[in-house]
Amino acid sequence: MNKKLISYRVPRNLLVLVDLMAIFLLFIHNAENPDKFTLITGVSLVFIIYISNFILLKISSGDHYIFLIVTMLITLGIIMIYRIDPNLGAKQVVWVSAGIVAFFITYVIVKKIKDWDKWLKFYVIASMILFIFTLIFGQRIGGAKNWIKIGRFSFQPSEIIKLLFIFFVASYYTNQKKYNLDKKGGYKLFLVVYGFIGFLFLQKDLGAAAVFYLIFLSIQYVYEEDRKLILYNVFLAFVGALASYFIFDHVKIRIETWIDPWKYIDNKGYQITQSLFAIASGGFFGTGVGLGHPDFIPAVHTDFIFSAICEEMGIFAGIAVMMLFLILVYRGFKIAFSQENLFFRIVAFGISAMFGFQAFIIFGGVIKMIPLTGITLPFISYGGSSMIASFIALGILQVASEELDTEGEEENEQRA
Amino acid sequence: MNKELKRMIRVFTVVCILFVGLIVYLSCFQVFTAPAIKSNSYNKRLWIDEENILRGMIIDRNGKILVYSEKTEESSTRHYNYGSLYGHIIGYSYREYGKAGLEASYNNELLNLKENTTLNELKKIIEPNSEGNTLKLTIDHGIQEKANSLLKGKKGSIVVMNPKTGDIYAMVSQPNFNPSTLREDWKTIVEDPDSPFLNRATNGLYAPGSTFKVITAVASLESSNIDRNYKCTGSTKIDGYILKDYGGKAHGNLNLEEALVKSCNSYFANMGLQVGKEKMGEVSEKFMLNKSVPFDLPVSKSISPYRENIGKTDIAAASIGQGKVLVTPLNMAMVASAIANGGDMVKPILVKEIISPDGHVIKTNYTENISHVTDSFTANEVKNMMVEVVKRGTGKGARIKNVKVAGKTGTAENASGKAHAWFIGFAPADNPKVAISVVLENEGSTGGKSAAPIARDLMLEVLNKILE
Chain U
1 MNKKLISYRV PRNLLVLVDL MAIFLLFIHN AENPDKFTLI TGVSLVFIIY
51 ISNFILLKIS SGDHYIFLIV TMLITLGIIM IYRIDPNLGA KQVVWVSAGI
101 VAFFITYVIV KKIKDWDKWL KFYVIASMIL FIFTLIFGQR IGGAKNWIKI
151 GRFSFQPSEI IKLLFIFFVA SYYTNQKKYN LDKKGGYKLF LVVYGFIGFL
201 FLQKDLGAAA VFYLIFLSIQ YVYEEDRKLI LYNVFLAFVG ALASYFIFDH
251 VKIRIETWID PWKYIDNKGY QITQSLFAIA SGGFFGTGVG LGHPDFIPAV
301 HTDFIFSAIC EEMGIFAGIA VMMLFLILVY RGFKIAFSQE NLFFRIVAFG
351 ISAMFGFQAF IIFGGVIKMI PLTGITLPFI SYGGSSMIAS FIALGILQVA
401 SEELDTEGEE ENEQRA
Chain R
1001 MNKELKRMIR VFTVVCILFV GLIVYLSCFQ VFTAPAIKSN SYNKRLWIDE
1051 ENILRGMIID RNGKILVYSE KTEESSTRHY NYGSLYGHII GYSYREYGKA
1101 GLEASYNNEL LNLKENTTLN ELKKIIEPNS EGNTLKLTID HGIQEKANSL
1151 LKGKKGSIVV MNPKTGDIYA MVSQPNFNPS TLREDWKTIV EDPDSPFLNR
1201 ATNGLYAPGS TFKVITAVAS LESSNIDRNY KCTGSTKIDG YILKDYGGKA
1251 HGNLNLEEAL VKSCNSYFAN MGLQVGKEKM GEVSEKFMLN KSVPFDLPVS
1301 KSISPYRENI GKTDIAAASI GQGKVLVTPL NMAMVASAIA NGGDMVKPIL
1351 VKEIISPDGH VIKTNYTENI SHVTDSFTAN EVKNMMVEVV KRGTGKGARI
1401 KNVKVAGKTG TAENASGKAH AWFIGFAPAD NPKVAISVVL ENEGSTGGKS
1451 AAPIARDLML EVLNKILE
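Going line by line, the protein sequences match chains U and R.
So for the first sequence, the numbering used here puts the first residue at 1; every next one is plus one.
So for the second sequence, the numbering used here puts the first residue at 1001; every next one is plus one.
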């Protein structure tokens, strides 16, 4: 036991080492006025991460890697955010703590309740209420009208809706035979899904719309029995995307600044060009934490956090972050492969796809490989809603990684 | 289950491909696109150092301060002591207009910036450098001023250099601009049809006119089986095109020396044809035409058309410095230097030393041979002919009492209007200390009349001043 506490073979100890080095770096960067603040933030971060990995090991018999991967991502994110703005960094530590608490609560609740797949209508109605709420009371933060403010706090309902959406699609496909008795179930599903995407369009939240669509397409591709529906789906999305380019100005702007941002460097292309400057300045090994100028990019702590990582830690660190996400997706898919319960199989698959596509869309956006759409990078970007929602998703994935009693499954089969 | 698994793996494969795509794209971006993007003047990182570091001074060869920066509250101001006199050499450094001249090409040295490595960045934190390096030029302020005053009110360029060391004593281009009042003048300058921003000395491309005959003469002397005697009738017919001598004057029986002294067009046109495209191309390229001249400022390539598929008329025209051949004034000063230096062309030098803030010389630019244009025997022969040109030929305007001056005049017809007046030369011929090229754009008179006297005054100034 004592040996395990200091062994480098235990991944969480390696993580602590990375954390300590990073905090030391931040500390000497601020060498002229050493502050307790950095120390407290750092120590509490190390503590939280260490303890929660430890607890998880004790209570869950499932996959222990996904949480480790995520804590690595969290560490990188907090170091970067702290370096950009110490106040935000400290707040992010609070959000991470809240997220981890949410993770454990989710873990317990999701495990306790058995019939998640029977609540299809609830998922749809709850989502619609949240959507309508956002449309009426929504605040515009950074171009998209997708925030609700309650008292001092503001949160982004679409982060929660994303999970409801996965549950909804999973419930449908778990009981596909039941809902598709009249052969029209697939079309009804279409209607609802496109309703979701339509709401996101109205909020100008194009990134989220793309993530929703890709999650749906992936699940549909694996589970839809009526294969021609998949073709319809692709075709519809293609036509819709083309039409929206001509109808909506905000779509057009994204495309134009993607094709040639340099032409609009003074206005609408400003953000993306600043991001490219940052990545270009970092080179392969980065300028070193605290030595670059990622603060020149607007919204660097949320959507453009990846550019900041590339500038100060180099694109090697950037590629490492991408690989971490890929491993996370891989573990998620593996969890889905080995889960006996159909509903949790689909949910695990959907959540993994969500992490993968969301990361891809924002990575691709800030490096100008695909048009830029403002979404957060899960576990790394600053922000409470994104952090908590991502941790809830991770909690669900954690449950799915365990061998669940197959009671629900059997019931299903009996009904079918 | 089996089908389901297969499909899931396919989706995972797609995700993998997307991520590999990201990594490849990012790596390619870093290797190929990033270097160009980084230097975009909208990149604020480029200007961060500017605010923290006092830009270095620029001084002339005798230590006279030409430019310096002064720290004021919050920012620093750059003082260009002599305004437009050094506009083209020193250039400018403005956030909104970017950088030009030495301010651009020696930016890193002036700001004392090192390669952007992590180690250097860390060093910067431990001992922040607050002052840039000083550039010591080869320019002599007195000569530069004299050259500028001689060119005042005209369009054109003067380059004065040491033919043996490559030191540029003066480099003037008119019209010019004042870097200290750039904000007020920008619009006028940009719209001026005479393009004051163009550094004519390094980037102006002119037909060299008869000054090119020096090159043709070298090519002729290097060729065997050539008839160097010719009877001039005042014009010559090549491929049906009639090429006339200046004023249609018939020069009679000529050898190479007499032809150069009288600057006979028919003689050199026929000589160019006799020597042939191949040899003319080879020799002109030895004189750095078609080549990039290594220099502290960007230099345009002079153009020699002989390698192209051109006809007899063009070959003949190029051999007397007309038609498709185009040169920079700096290049012609180097041509004169090469003859003066016994056939060895040295690299022109503008920045002699880089001096650190604590007074140490960090870097010295030493003399370097960049081209062996011809053997010393041929160079000497051409030199003697050029001495005759000044003594009794078209270059009489450049004569200096008690000093043997060598030179060649040129009057270049061109498409832009009146003829350009040219003079290239060096002095003293036996032990050359100064080489010069003068071009007066659209002057309308001959090189002998207008350019040669300017060259004479400047050479005299140098010989009186510089006693090395």
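Glycine residues also receive a C-beta, built at the ideal position from the N, C-alpha and C atoms.
Note that the structure is predicted; figures quoted are calculated from it, not measured.
Range covered by the beta strand (DSSP E) that runs through residue i
i, result
"serine 1157 (chain R)", "1156-1161"
"arginine 1078 (chain R)", "1076-1080"
"isoleucine 100 (chain U)", "First-last for isoleucine 100 (chain U): 86-112, but that is the alpha helix (DSSP H), not the beta strand (DSSP E)."
"histidine 1360 (chain R)", "From DSSP, histidine 1360 (chain R) is part of no beta strand (DSSP E); its letter is neither H nor E."
"tyrosine 1106 (chain R)", "No beta strand (DSSP E) contains tyrosine 1106 (chain R), which DSSP labels as neither H nor E."
"phenylalanine 153 (chain U)", "153-155"
Secondary structure of residue i, DSSP reduced to three states
i, result
"alanine 336 (chain U)", "helix"
"glutamate 410 (chain U)", "Because the pLDDT of glutamate 410 (chain U) is 45, which lies under 50, any placement of that residue in the model is unreliable, and the number read from its coordinates should be weighed accordingly. Reduced to three states, the DSSP call for glutamate 410 (chain U) is helix."
"asparagine 1176 (chain R)", "coil"
"isoleucine 1226 (chain R)", "coil"
"alanine 416 (chain U)", "Per-residue confidence for alanine 416 (chain U) stands at a pLDDT of 37, beneath the threshold of 50, marking its modelled position as unreliable; the derived number appears in the next sentence. Three-state result, alanine 416 (chain U): coil."
"glutamine 203 (chain U)", "coil"
"alanine 400 (chain U)", "helix"
"phenylalanine 1423 (chain R)", "strand"
"glutamine 358 (chain U)", "helix"
"lysine 1136 (chain R)", "strand"
"threonine 1328 (chain R)", "coil"
"tryptophan 119 (chain U)", "coil"
"threonine 417 (chain U)", "For chain U, the structure presents residues 1 to 416; residue 417 (chain U) sits outside this window and is missing."
"aspartate 1457 (chain R)", "helix"
"histidine 301 (chain U)", "coil"
"leucine 164 (chain U)", "helix"
"glutamate 1004 (chain R)", "helix"
"alanine 1316 (chain R)", "helix"
"asparagine 1473 (chain R)", "Beyond the ends of chain R as shown, which are 1001 and 1468, falls residue 1473 (chain R); an answer cannot be given."
"tyrosine 1042 (chain R)", "coil"
"isoleucine 1168 (chain R)", "strand"
"cysteine 1016 (chain R)", "helix"
"histidine 1141 (chain R)", "helix"
Chain-order list of residues whose beta-carbon lies under 6 angstroms from that of residue i (same chain, five-residue window excluded)
i, result
"serine 1173 (chain R)", "His1088, Ser1157, Asn1199, Arg1200 and Ala1201"
"asparagine 1341 (chain R)", "Pro1163 and Lys1164"
"isoleucine 279 (chain U)", "Ser307 and Cys310"
"serine 1362 (chain R)", "Note on identity: in this sequence residue 1362 (chain R) is isoleucine, with serine being the wrong assignment. Around isoleucine 1362 (chain R): Ile1354 and Ser1356."
"proline 1179 (chain R)", "Tyr1080, Gly1087 and Tyr1092"
Same chain, Cβ closer than 7 angstroms to residue i, five either side skipped, listed in chain order
i, result
"threonine 134 (chain U)", "Asn146, Ile148, Pro157 and Gln203"
"leucine 324 (chain U)", "Ile69, Met72 and Leu73"
"valine 420 (chain U)", "Because residue 420 (chain U) is not part of the residues shown, which for chain U are 1 to 416, the question remains open."
"threonine 1374 (chain R)", "Val1218, Glu1222 and Gly1343"
Proximity test, residue i beta-carbon vs the ligand FAD heavy atom, cut-off 7 angstroms
i, result
"leucine 217 (chain U)", "Of ligands this structure carries none, so the ligand FAD is not represented either."
Range of the contiguous alpha helix (DSSP H) that encloses residue i
i, result
"phenylalanine 47 (chain U)", "36-59"
"glutamate 1184 (chain R)", "1182-1191"
"lysine 1408 (chain R)", "From DSSP, lysine 1408 (chain R) is part of no alpha helix (DSSP H) but of the beta strand (DSSP E) over 1406-1414."
"glutamate 1258 (chain R)", "1256-1262"
"leucine 276 (chain U)", "270-282"
Residues of its chain near residue i, where Cβ-Cβ distance is below 8 angstroms and the 5 sequence neighbours each way are ignored
i, result
"arginine 1456 (chain R)", "Gly1397, Ala1398, Arg1399, Ile1400 and Val1405"
"serine 7 (chain U)", "Asn13"
Proximal residues, the segment 366-392 of chain U versus chain R, C-beta separation under 9 angstroms: Along the segment 366-392 of chain U, going in chain order, the ones with a CB nearer than 9 angstroms to a CB of chain R are Ile367, Lys368 and Met369.
Three-pair Cβ contact test at 8 angstroms for the segment 274-290 of chain U versus the segment 232-250 of chain U: Taking a cut-off of 8 angstroms for Cβ pairs, the segment 274-290 of chain U and the segment 232-250 of chain U do not touch, as fewer than three such pairs fall below it.
Short-range partners of chain R found in the segment 212-227 of chain U, where Cβ spacing is below 8 angstroms: For the segment 212-227 of chain U, which is checked against every Cβ of chain R, the residues closer than 8 angstroms are Ser218, Tyr221, Val222 and Tyr223.
Stretch-stretch touch, CB-based, cutoff 8 angstroms, three pairs: the segment 1229-1241 of chain R with the segment 1203-1215 of chain R: Between the segment 1229-1241 of chain R and the segment 1203-1215 of chain R, the count of Cβ pairs shorter than 8 angstroms is below three; the stretches do not touch.
Interface residues of the segment 1016-1042 of chain R facing chain U [CB-CB below 8 angstroms]: Within the segment 1016-1042 of chain R, the qualifying residues are Cys1016, Leu1018, Phe1019, Gly1021, Leu1022, Ile1023, Tyr1025, Leu1026, Ser1027, Phe1029, Gln1030, Thr1033, Ala1034, Pro1035, Ile1037, Lys1038, Asn1040 and Tyr1042.
At least three beta-carbon pairs within less than 8 angstroms, the segment 1307-1316 of chain R to the segment 1234-1253 of chain R: In short, these stretches touch, since the Cβ pair count reaches three.
Inter-stretch contact (C-beta, 8 angstroms, three-pair minimum) for the segment 1360-1375 of chain R and the segment 1281-1295 of chain R: Yes: the two stretches touch, three or more of their Cβ pairs being nearer than 8 angstroms.
Stretch-stretch touch, CB-based, cutoff 8 angstroms, three pairs: the segment 378-390 of chain U with the segment 184-202 of chain U: Here the segment 378-390 of chain U makes no contact with the segment 184-202 of chain U; the two share fewer than three CB pairs at distances below 8 angstroms.
Cβ contact (3+ pairs, closer than 8 angstroms) linking the segment 1329-1343 of chain R and the segment 1255-1263 of chain R: Cβ pair count under 8 angstroms is below three, so no.
Contact list for the segment 1323-1346 of chain R against chain C, Cβ threshold 9 angstroms: The question asks about chain C, but that chain is absent: this structure's protein chains are U and R.
Where the segment 1177-1196 of chain R meets chain U: residues whose CB sits under 7 angstroms from a CB there: None of the residues of the segment 1177-1196 of chain R has a beta carbon lying less than 7 angstroms from any beta carbon of chain U.
Inter-stretch contact at 8 angstroms, needing at least 3 Cβ pairs: the segment 155-174 of chain U / the segment 87-107 of chain U: Output reads no: the segment 87-107 of chain U does not touch the segment 155-174 of chain U.
Within 7 angstroms of chain U by C-beta, residues of the segment 1350-1373 of chain R in sequence order: Taking 7 angstroms as the Cβ-Cβ cut-off against chain U, none of the residues of the segment 1350-1373 of chain R qualify.
Contacting positions in the segment 312-325 of chain U - beta carbon closer than 7 angstroms to chain R: So the list reads Ile315, Gly318, Ile319 and Met322, given in the order they occur along the chain.
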